[in-house]
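For the sequence shown, the residue numbers in the numbering used here are 3 to 370. Glycine is no exception: its CB is placed at the ideal position from the N, C-alpha and C atoms. Just so we're clear, the structure is a prediction, and the values are computed from it rather than from any experiment.
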Amino acid sequence: MMPRRILLSALCLAFLFSVSSAEDPLRCFVCGKKIKGAYIEYEGKIVCTQACLGALLPKCGTCGQPVSAGKGLKGEYLKHNGRYYCSQECFEQSLPKCGTCGKPVKGGLKDQEGKLYCCRDCYRQSLPKCAICGQPMEAWTEIADHRYCQACAKLPRCLGCQLPGAEVELDDGRTICKKCLEGAVVDQAEAQRIFDQVRKDMADRLKLKTEHEIGLKLVDARELSGVVGHRTMHENGYYHYKGTVEQGSGRVLSAEYRIYVLSHLSPERLRDVAAHELAHDINQARYPNVAGAKHKQAVEGFAQYLSAVMNKHWGQEALNTDKLNVVDPDYVKGFQKFLELDRDGGMKAVLDHMAKLNSADARSKNRR
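Right, here's the structure in full:
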């Protein structure tokens, strides 16, 4: 609501000038002095001078001066929301300021947080900008603390950071952003070096290892799908074991161990995947009966758990959050089960659980 501009002489602020008689002296309402001669009466109160009158008049809400002595035209003041202002300048200083340009806001626009803006241009400047195209957004999609407009949010996701806007398409159809591509592991020798270090770290940290001769191969998505036997969307690696066992004695006559890992992963992600697949190798050596579709939750949960422990050891624990968002529910439920075991009894409880499953399945096979 706009302020009312009021002329002092037009309201009850009008002054009555009178003369006090010597026989009946009056006292000033403000200073208390005896009045001899002329005086001013304002709203039933008698004052001796213009200065004392100013003490009775409303004060400007901005500068604090009586409205009659302010910056405006003589005898004029403004009233807005119950407050008085001696001039237009003082009134505008009292107004809320635009959240962008700082000018006084008369009406304007208000955002959801209550901030005011003097015009639509200033309002748009205050809006979040799309992380890709930079356009102001009134509605957006938030991904990993980044905000995107509706169009940019639909752009191809990077296989590394998982954010939209991947600029490079690989031969196997996967997409990756230029930033992640710079550090991606694409060389077999580099992948082997990381893999060997992961195997050593797991042996040192977890005291879990095998003597298997494991071949490592860096592959693209098409080759990995061919090895797995179906198109895979969420797997970054695969553990392959093929062995011949002598009936009766159970002696291993021949064995082949191979781990496949997707190319173009970050070194951190490759460590995580290598630890997961090496956990399958430990599973096969120590708990051979915990295998197959029947024990999928245990097999994948155990691998997720061991790789999560190693991620924490390597200082890349943030990757463990992804383990609770995997598409395959067996991975998630299995991981949650082993986290629960760890909370109750640590690594010992986890290994005891796997040993118990292995023994139970062995007894079941013997009965058959």
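Got a sec, what are the start and stop residues for the alpha helix (DSSP H) residue i sits in?
i: R126; result: 122-128
i: C218; result: Strictly speaking, residue 218 in this sequence is Leu, with Cys absent from that position. Segment 216-221 is the beta strand (DSSP E) holding L218; no alpha helix (DSSP H) there.
i: H315; result: 298-316
i: K81; result: It is not in any alpha helix (DSSP H) - K81 instead sits in the beta strand (DSSP E) that spans 78-82.
i: A141; result: That residue, A141, is in no alpha helix (DSSP H); it is neither H nor E in DSSP.
i: G56; result: 52-58
i: F31; result: Where F31 is concerned, there is no enclosing alpha helix (DSSP H), given that its DSSP letter is neither H nor E.
i: I134; result: Taken as a continuous stretch (DSSP letters only), I134 belongs to no alpha helix (DSSP H), as it is neither H nor E.
i: V200; result: 190-208
i: L183; result: 180-185
i: E94; result: 90-96
Under 7 angstroms Cβ to Cβ from residue i, same chain only, skipping five residues before and after it: list those, please.
i: V292; result: N285, A300, V301, M356, L359, N360, D363
i: L272; result: V187, A193, I196, V263
i: K298; result: D332
i: C62; result: V69, G72, Y86, Y87, C88, C92
i: A57; result: V32
Considering just the uninterrupted stretch of the beta strand (DSSP E) at residue i, what are its terminal residues?
i: H266; result: Note, H266: premise wrong, no beta strand (DSSP E); not H, not E.
i: K47; result: 47-49
i: L161; result: Careful: L161 lies outside any beta strand (DSSP E) and carries neither H nor E.
i: V247; result: 239-247
i: R149; result: 148-150
i: I1; result: Beyond the ends of the chain as shown, which are 3 and 370, falls residue 1; an answer cannot be given.
i: R85; result: 85-87
Let me know if residue i comes out buried or exposed under the rule of 16 or more other beta-carbons within 10 Å of its beta-carbon.
i: S265; result: buried
i: K325; result: buried
i: H236; result: exposed
i: V352; result: buried
i: R176; result: buried
i: R283; result: The identity of residue 283 in the sequence shown is Asp, whereas the question assumes Arg. By the neighbour-count rule (16 or more Cβ atoms within 10 Å), D283 is buried.
i: G336; result: buried
i: A281; result: buried
i: G84; result: exposed
i: G303; result: buried
i: C160; result: buried
i: C54; result: buried
i: D198; result: exposed
i: G135; result: Checking the sequence, you will find Cys at residue 135 rather than Gly. Exposed is the call here.
i: A133; result: buried
i: A276; result: buried
i: D113; result: exposed
For residue i, which residues in the same chain have their Cβ closer than 6 angstroms to its Cβ, ignoring the five residues on either side in sequence?
i: A143; result: What sits at residue 143 in the sequence shown is Thr, not Ala. Excluding sequence neighbours, T143 sits near Y150, A155.
i: N322; result: A310, N313
i: C100; result: V107, Y119, C120, C124
i: D174; result: D222, A223, R224
i: H278; result: A305, S309
i: V254; result: G245, V247
i: H315; result: R207
Could you give the C-beta distance for residue i and residue j, rounded to a whole number, given that I count them as a contact under 8 angstroms?
i: I37; j: R29; result: 7 angstroms
i: I261; j: G239; result: 6 angstroms
i: Q190; j: L220; result: 5 angstroms
i: Q318; j: E270; result: 5 angstroms
i: L80; j: Q90; result: 7 angstroms
i: D344; j: Y289; result: About 17 angstroms separates the two Cβ atoms, so there is no contact after all.
Could you check whether the Cβ of residue i sits closer than 6 angstroms to any heavy atom belonging to the ligand NAD?
i: L80; result: The ligand NAD is absent from the structure shown, which contains no ligand whatsoever.
Excluding the 5 residues flanking residue i on each side, which residues of the same chain have their C-beta closer than 8 angstroms to its C-beta?
i: V170; result: T177, I178, C179, K180, L183
i: D354; result: G347
i: P130; result: P138, M139, W142, R149
Touch test, the segment 142-157 against the segment 230-242, Cβ-Cβ under 8 angstroms, three pairs minimum: no
Touch test, the segment 97-107 against the segment 115-124, Cβ-Cβ under 8 angstroms, three pairs minimum: yes
Touching by the beta-carbon criterion (3+ pairs, under 8 angstroms), the segment 211-218 and the segment 157-174: no
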